[in-house]
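For the sequence shown, my numbering begins at 4 and goes up steadily by one. Note that beta-carbon positions come from the ideal geometry of N, C-alpha and C, so glycine has one too. What follows is a single structure, written as C-alpha cells, with notes after it.
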Amino acid sequence: MTCRSRRRSEIGGHKAAAIASLLKKVDIYLVSSLSASFVNRIGLRPARSVEEALAMAFQKIGSEAKVLVAPQGRVVRLFA
C-alpha cells in the first residue's frame, strides 16, 4: 500500500503493515489537508483540527483516554 500526499511523500509496505496492525488496537485521528473521504479510505479518522481530534477521542473513550499527539506523524515510530 502506498499513500501519496501533495508533497509526494510515500508510505512503504513495512509502515503500512505497522499502521494496519496498530489500527486493530487504536483509533488514529489525522489532522491534514487531505480529503476526509481519502483519510477514511486509508483507515484513519479525519479531523479539521487538533482540538477536534482530541474532542472526538475523549467523546469515544471518555475523559480517561490516553492520547499521543504527533506533530510530525510521518516520522513517528509505530510499535504495535
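In this structure the segment 55-62 lies against the segment 27-39, because at least three pairs of beta carbons, one per stretch, are closer than 8 angstroms. A Cβ-Cβ separation of about 4 angstroms places Pro-49 in contact with Ala-39 under the 8 angstroms criterion. Within its own chain, the residues whose Cβ lies closer than 6 angstroms to the Cβ of Asp-30, once the five positions on either side in sequence are excluded, are Arg-48, listed in chain order.
The continuous alpha helix (DSSP H) containing Leu-25 extends over residues 16-26. A direct Cα-Cα distance of roughly 25 angstroms separates Ile-45 from Gly-65. According to the DSSP assignment, Ala-73 belongs to no beta strand (DSSP E), since it is labelled neither H nor E.
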